[in-house]
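Notes for the one structure printed next.
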Amino acid sequence: MLRFSIFILLLSNLCININFAQSDNKKNVIATVNETIFTRYDLEQRKKILSIKKNDTNLQKKQILDHLILEELYIEFLTNRSIFISESEILEEMKKIISIIDQYNKSSNSEIIISEKSIHRYSKGLIAKSQIEQMLIFQNKPLTSNLLFDMQTSKSGLEVEFWSFKLKDYTKKSFKKFQALNKKISQLNSRQKKQFLNFFKNYADLTDIKKINTNSLFLPARERSIVHDFDKNKVSSIFLNDSQQFEFVLICNKESYFDQQKTDMLFNKVMMNIMPNAIEEFNKTLKKEAFIELF
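Everything in the sequence shown is counted per my numbering, starting at 0 for the first residue and increasing by one.
What follows is the structure, encoded as structure tokens:
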């Protein structure tokens, strides 16, 4: 009987401890996004990262929490569409973040410690946001050829031409060849670039190639398509056009040779011009469709 009483007493103490632990955990929870829980620890860790990245130690709780919430929604959005971020991509981004933290600690004679898990999460969120921005680039606003022409010539003074490359069929084999073609372009040397039209003749069975008239009223609005195994940070990568064809556009000078750097610079400028409103509307939609609780 004595042993049984002792057992009951120990069990009661265990239950009390568990209840206290659960109560403490609930106190630490600051938000839930769908099924993901965020704690005070998550908030503190993210504040450290953002303070270093933004060089601002006065970030408000609301700003940091909003950052965590949107990050989770971005990752869920991609995952729900079977678009996954590889561990190698995350590790590459983590190296950059860790380097920034190390430099900050050295320059400020401080020792801000951020967990590997928190840096991993932040890095994954950055990649997710970048991919979504690529998707949104041509979604909400037509891209006028006059705008492209003005933006290009105002800096370079070149007479430019726009060349469109479209995939003729949708077989897996052709698509892989199309990806390989797009990758190979950036590896061409100057002599090959000057002869790039001859270079593309080898792909005549794969692509429709045509010059786009820069005097036309507009180029169709385009919706980005994320393509696996491709450099997602390049704005001039493959996208899905309004006719549901995979396409990429190159910009050439008057001698008809392709300039990758100027193409990327141009499309990045366009993205910066139209992105703020697009991403803001996208964020509103994501939040509206999500189950978010703040504590």
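The beta carbon of each residue, even a glycine, is placed where N, CA and C say it ideally should be.
Taking each of V28, E92, H66 and T35 in turn and checking the Cα distance to F290, the smallest one comes out for T35.
Counting the other CB atoms within 10 Å of its CB gives S122 a total of 16 or more, which places it among the buried residues. Inter-residue distance for R39 and N54 is about 21 Å (C-alpha atoms, whole angstroms). Counting only residues of its own chain and dropping the five nearest sequence neighbours on each side, L77 has a CB closer than 6 Å to the CB of A127. If you draw a straight line from the Cα of S50 to the Cα of L58, it comes to about 7 Å. Apart from sequence neighbours up to five positions away, the residues of its chain that approach F294 with a beta-carbon distance below 7 Å are V28, I29 and A30, ordered along the chain. For S87 and S114, the gap between their C-alpha atoms comes out near 19 Å.
Between I63 and L42, the beta carbon gap of about 6 Å places them in contact (Cβ cut-off 8 Å).
About 14 Å separates the beta carbons of G124 and E91, which is beyond the 8 Å limit, so they are not a contact pair. In the three-state scheme derived from DSSP, where H, G and I count as helix and E and B as strand, K46 is classed as helix.
Following the DSSP letters along the chain, one finds T56 in no beta strand (DSSP E), marked with neither H nor E. Distance between I48 and N282, taken at the CA atoms: about 22 Å. The residue from L180, K172, K176 and Q130 with its alpha-carbon nearest to that of I278 is Q130.
In the three-state scheme derived from DSSP, where H, G and I count as helix and E and B as strand, A30 is classed as strand. Distance between R45 and S117, taken at the CA atoms: about 7 Å. Per DSSP, I112 is not a residue of any alpha helix (DSSP H), being assigned neither H nor E. No residue range can be given for I84, since it is assigned to no alpha helix (DSSP H) and is classified by DSSP as neither H nor E.
Taking 8 Å as the upper bound for CB-CB distance, I100 and I111 are in contact here, some 7 Å apart. Inclusion of H66 and I89 in the CB contact set at 8 Å is not warranted, their separation being larger than that value. Sequence-distant partners of N33 (beyond 5 residues in either direction) whose C-beta falls short of 7 Å from its own C-beta, in its chain, are E75, A289 and F290.
When secondary structure is reduced to three states using DSSP, F37 falls in the strand class. DSSP places K105 in the helix class (H, G or I) of the three-state scheme. K165 sits in a strand when the DSSP states are folded into three classes.
It is roughly 21 Å from the alpha-carbon of S107 to the alpha-carbon of M93. I291 is bridged by DSSP to V32. Beta-carbon to beta-carbon, L72 and K287 are separated by about 10 Å, too far to satisfy the 8 Å threshold. One alpha carbon belongs to Y103, the other to L166, and they sit about 47 Å apart. One Cα belongs to S109, the other to I68, and the distance between them is close to 29 Å. Cβ contact annotation for I97 (same chain, cutoff 7 Å, sequence separation greater than five): I118, in chain order.
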